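First up is the structure itself, then whatever we jot down about it.
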Amino acid sequence: MIEILNPTLLARARDTGALVADILQTLKSRSVIGTNLLDIDRWAKAMIVEAGAQSCYVDYEPSFGRGPFGHYICTAVNDAVLHGRPYDYALADGDLLTLDLAVSRGGVAADAALSFIVGDAKHPESVAMISATERALAAGIAAAGPGARIGDISHAIGTVLSEAGYPINTEFGGHGIGSTMHQDPHVPNTGRPGRGYKLRPGLLLALEPWVMADTAELVTDADGWTLRSATGCRTAHTEHTIAITDEGAEILTLPKQAQP
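Using full-length UniProt numbering, you'd call the opening residue of the sequence shown number 1 and step up by one each time.
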């Protein structure tokens, strides 16, 4: 299903996107050496409930997972990259942490993710990998607009990731979003320009470049959810929800300090 939002729903999407951005920035500031992943999950739940919103994850039960996800945020550490299920782990200096959050409010969902290094340890290769996903996301957003095609976004993202030297996995990528978290169209992180669905004003997309340092192969953790790099290498993941408008692409999950 591909949804096209009317102006009323688009206004609600902006509201939900701002909430997701605010929660992620708060959680990032609290994620320091010694912070437990289960505490991050509890904080996420409290902020979602206080805002009168609903988690898109807690009851999420797709075919590729093992039962309901059961948590309010994805917390992926080091070699984990997607669907990181929070567990009893205290963050250490130098950990690469990805926070991925999707919530719904007013009947419209928004989804975003960010990766960062915990503490003061220097990890230039990890910083470069995070930067590559951020640049790829910016390129994908720049390629989005009315009349563009999904392949244009995928090509822009994939070009940045490939030129940075990272293998690209196409099993999981960006997606449509609206009244539910995951909708068509699928947005692979590499592709051919000029192909695929033509973008229309009112369409919401969650774009999410993610990479693993030296492999494109994923393995599923024993929890039945967390996806890790097959080689144990580090990973990075950056995501924004955007709205296609008559003027181009509007980022709905931009933190307040980064807004123009």
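We put the CB at the ideal spot given by N, CA and C, even for glycine. None of these values were measured; they are calculated from a predicted model.
Pick helix, strand or coil for P185, following the three-state DSSP scheme.
-> strand
Tell me, please, whether the segment 144-157 touches the segment 123-132 by the rule of three or more beta-carbon pairs shorter than 8 Å.
-> No contact exists between the segment 144-157 and the segment 123-132.
With burial defined as no fewer than 16 other Cβ atoms inside 10 Å of the residue's Cβ, what is the status of P62: buried or exposed?
-> exposed
So which of E247, A243, A206 and C56 has the shortest CA-CA distance to S104?
-> Distance check between S104 and each of E247, A243, A206 and C56 places C56 closest, using alpha-carbon atoms only.
Shortest alpha-carbon distance to L137 belongs to which of I251, G70, A13 and G17?
-> I251
Of the residues L9, I48, G52 and I117, which one's Cα is nearest the Cα of S29?
-> When each option's Cα is compared against that of S29, the closest is I117.
Inspect the beta-carbon positions of W225 and G65 and report whether they are closer than 9 Å.
-> Contact: yes.
Which residues does DSSP pair with L114 in a beta bridge?
-> L99
Of the listed residues D120, M1 and N6, nearest to D246 (C-alpha basis) = Minimum Cα distance to D246 is reached at N6.
From L99, L97, A164 and L203, pick the residue whose C-alpha is nearest to that of M129; which is it?
-> A164
For A222, is the classification buried or exposed, using 16 other Cβ atoms within 10 angstroms of its Cβ as the cut-off for buried?
-> exposed
Delimiting residues of the alpha helix (DSSP H) encompassing S63 = Unbroken run through S63: none, as it is neither H nor E.
Regarding E163 and the ligand ADP, is the C-beta to nearest heavy atom distance less than 8 Å?
-> Absence of the ligand ADP is noted for the structure shown, with no ligands found whatsoever.
Quick one: give me the first and last residue of the beta strand (DSSP E) that V81 is part of.
-> A80 to L82
Could you tell me whether the segment 34-53 touches the segment 200-217, using the rule of 3 or more Cβ pairs below 8 Å?
-> no
Does the beta-carbon of I2 have 16 or more other beta-carbons within 10 angstroms, so that it is buried, or is it exposed?
-> Label assigned to I2: exposed.
When you compare each of T235, A249, L10 and A243 to T133 by their alpha carbons, which one comes out closest?
-> Proximity to T133 across T235, A249, L10 and A243 peaks at T235, based on C-alpha coordinates.
With distances taken from CA atoms, which of E50, V77 and L161 is nearest L19?
-> E50
For V77: DSSP bridge partner residues | L97
Range of the contiguous beta strand (DSSP E) that encloses E250 | Per DSSP, E250 belongs to the beta strand (DSSP E) from A249 to I251.
Taking the CB atoms as reference points, tell me whether A80 and G119 lie closer together than 9 Å.
-> no
Reducing DSSP to helix, strand and coil, say where H71 ends up.
-> DSSP, reduced to helix, strand and coil, places H71 outside both helices and strands of the structure shown, so it counts as coil.
Could you check what DSSP says for I4 in three-state terms: helix, strand or coil?
-> coil
Within the same chain, show all residues whose beta-carbon is closer than 6 Å to that of V108, passing over the 5 residues directly before and after it, in chain order.
-> L9, R12, A13 and T16
Nearest candidate by alpha-carbon position, reference S162, set D100, A46 and T215 = S162 has its Cα closest to that of T215, out of D100, A46 and T215.
Sequence ranges, beta strand (DSSP E) only - wholly within the segment 112-178, length at least 3 = 174-176
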